Each structure stands twice: as C-alpha cells, then as structure tokens.
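Residue numbers (mature numbering (1 follows the signal peptide of the UniProt record, and there is no 0)): -25 to -1, 1 to 275.
All C-beta atoms, glycine included, are put in the ideal place defined by N, C-alpha and C.
The structure displayed is predicted, hence computed values, not measured ones.
Everything on this sheet refers to the single structure shown next.
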Amino acid sequence: MEFPTCFTILILNSLFFFLLAPTHANLFREYIGAEFKGVKFSDVPINPNVDFHFILSFAIDYNTSPTISATNGNFNIFWDNTNLSPSQVSSIKTNNPKVKVALSLGGDTVSDSPAYFDPSSVDSWVSNAVSSLTKIIQDYNLDGIDIDYEHFKADPSTFAESIGRLIKTLKNNGVISFASIAPFDNEDVQSRYLALWKSYGDIIDYVNFQFYAYDKSTTVSQFIDYFNKQSSNYNGGKVLVSFNSDGSGGLTPDNGFFDACRMLKTQQKLNGIFVWSADDSKANGFPYEKQSQDLLATAN
C-alpha cells in the first residue's frame, strides 16, 4: 500500500518534532545520613511517578584513628550506616522500582575538620579509590557516585584528572551507571569543577549545583539568573536546582523556590530538584520533598 506524498511528509515531520521535543524531567534527589539524626530511607516520602535518587553522605578517604588523616583514595564510610545499611538499601529499592541509591564523596568536614582532596599522586589515588569504592558500592548494591569535595590541597588539573579517571573507570567496569558533581559558587571550588567539566563533562550525568550556598536573601529573579549562569558554565549538563531544608541559605521554599521551579519548568529548563538533606527534613515531616515531587510529576 502506498501513502500519498503529503501524508508521508506529515508523518515524518511529526516524528522529527517528537524526537526533538524536550523530555519531561522528573528527577528528585536527596542527600541522607551525614548528620546522624536517625533518618531512614523509609521515612522519606517517595512519589512513584518520579525518578528518585538517595545520596548517602559521605564516603571520605580519611581515617579517624589514631588521628584524623587523609588516606590517598582509601575510602571509608562516614554516613549513618546503622540506619542506612546494605539491607535497608536493598529493601527501599525492592519496594520502589524507580529508586536508585548513590554515595557522595568528600563533603565539607570530617570530625569538624575540613575534608581535603589531598592525593599523593593521580595514579595512586585513582587506583586506591577504584578499589575501595568498588567494594563499598558492591557491598551496598549502589548505583552511582556524587562528587562533593569542597576543600582542596591539589590544583585544578590534578583534581580533574583524578576524579575524571575515577568516574570513567567505575563506569567502564560496570560498577556505576551514573555520576554527578556538586559544586557551588566559590572561585576555589569552581576552578576545580570547571576543569573537571572541561575534560570529562561528557561522562558526568548531573550537576547538583548547591544553589543554597547563595545568600538567604536570594530572590526568584536572582535565582533564575544564577541558574542560567551555571547552566552556561556547565554547558550541556543537566543542572539541577536545589534548596537546603533547614532554610539557612539560598532561595527557600517559603520565599519562592517553587515559583522559580515552575518558571524553569515552563521554559523546559527544569532538569530536576535535589535537597540537602533528609536529616534536617525529618523533624518537619518532609513537606517540601512532597511538594517537589508533586511538581516534578505534573506535566507542563
């Protein structure tokens, strides 16, 4: 059976625009476990219509005994693994097919001291990191990693090459299926992450930009400007918006965060939302987690 030429063209045009149309972004991510407040995966409301990532915080290449010291890529668990254990990872993923669990590297502090990125060499750090993280990831049946180093003794090129090679090796080995980075607007921090992005941006799946590191007086219009600026910095990346659930910085839900999200959603720019953190949200019953997921699950 032959179709009229005009009908064939109509079908091809429809297919073309369908393929080019922006996909509906419904990714919600939340950091969990850093503050040892007894929060469990099962405490957090999960909307079945969103893709949900828990991010265990943190794995750090430090020891705490006999003294606090860097270990050149030999990572240890520094999250609340009593309440966030391998069996609890298995349970939350089994009961919620759209849930994945990742771990975050670094963080701000370890035992109240800065958690420095401080490799002896790129080769030794990568070798040790691949080995130690592979064991943790496989023991916990995790899906991805997040990079959240905030203090550095290494230069930007060393950071970029070390982290880039780590992500690439873990992906090539089938250990992880996604990776994210968590920069914020600080010259020292951005110099490292932008160097990493320039060399390895093609293997980084999400940019968890810490918009809550901006001033608490941030307005909706300023937030949109910040988002556009960072989307330009991490050109081609899926930059996620964020808020801090303790309300200590950035544009808060009470002051217009969701208004900004709706504006970005209308412009097809909302790639997802992440929250720091479930530990702080537990006392309030997670109202903003529910609101975030409802917004993401609703079509434009």
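Pick out whichever of S223, V214, Q197 has its Cα sitting closest to the Cα of L245.
The residue with the shortest Cα to Cα distance from L245 is V214.
What would DSSP say about W251, mapped onto helix, strand or coil?
The answer is strand: DSSP assigns W251 an E or B state.
With a 10 Å radius around its C-beta and 16 neighbouring C-beta atoms as the bar for buried, classify I274 as buried or exposed.
The amino acid occupying residue 274 in the given sequence is Ala; Ile does not appear at that position. Label assigned to A274: exposed.
CB-CB under 6 Å to V195, same chain, minus the five flanking residues each way: which ones, in chain order?
So the qualifying residues of the chain are G231, D234, A235.
On the CB-based measure, 16 or more other CB atoms within 10 Å of its CB, does P158 come out buried or exposed?
Looking at its Cβ environment, which holds 16 or more other Cβ atoms inside 10 Å, P158 is buried.
Compute the distance between the beta-carbons of Y187 and G225, then report whether it is under 8 Å.
Yes; because the gap between Cβ atoms is below 8 Å, this pair is in contact.
Classify T144 as helix, strand or coil using the three-state DSSP reduction.
Helix, per DSSP.
Taking only the alpha-carbon atoms, compute the straight-line gap between P(-4) and Q243 and give it to the nearest angstrom.
Annotation note: pLDDT 38 at P(-4) (below 50); position unreliable, coordinate value reported separately. Approximately 7 Å, taken between the alpha carbons.
Whether or not the region 176 to 186 and the region 102 to 116 are in contact is what I'm after, with contact meaning three or more pairs of Cβ atoms, one per stretch, closer than 8 Å; do they touch?
No, the region 102 to 116 does not touch the region 176 to 186.
Consult DSSP for K265 and reduce its assignment to one of helix, strand or coil.
It is helical.
Does DSSP put E136 in a helix, a strand or coil?
Correct three-state label for E136: helix.
Please classify K173: does DSSP put it in a helix, a strand, or coil?
K173: helix per DSSP, three-state reduction.
How long is the line joining the alpha carbons of N22 and L2, rounded to whole angstroms?
Whole-angstrom Cα-Cα distance: 11 Å.
Check whether the Cβ atoms of L78 and A135 lie closer than 8 Å to each other.
Taking 8 Å as the Cβ cut-off, L78 and A135 do not qualify as a contacting pair.
Of all the beta strand (DSSP E) runs that stay within the bounds of the region 24 to 73, which reach a length of 3 or more residues?
Listed in chain order, they are 26 to 35.
Are the region 63 to 72 and the region 87 to 99 touching by the rule of at least three beta carbon pairs closer than 8 Å?
Verdict: no, contact absent.
Classify Q113 as buried or exposed, calling it buried when 16 or more other Cβ atoms lie within 10 Å of its own Cβ.
Exposed: under 16 other Cβ atoms inside 10 Å.
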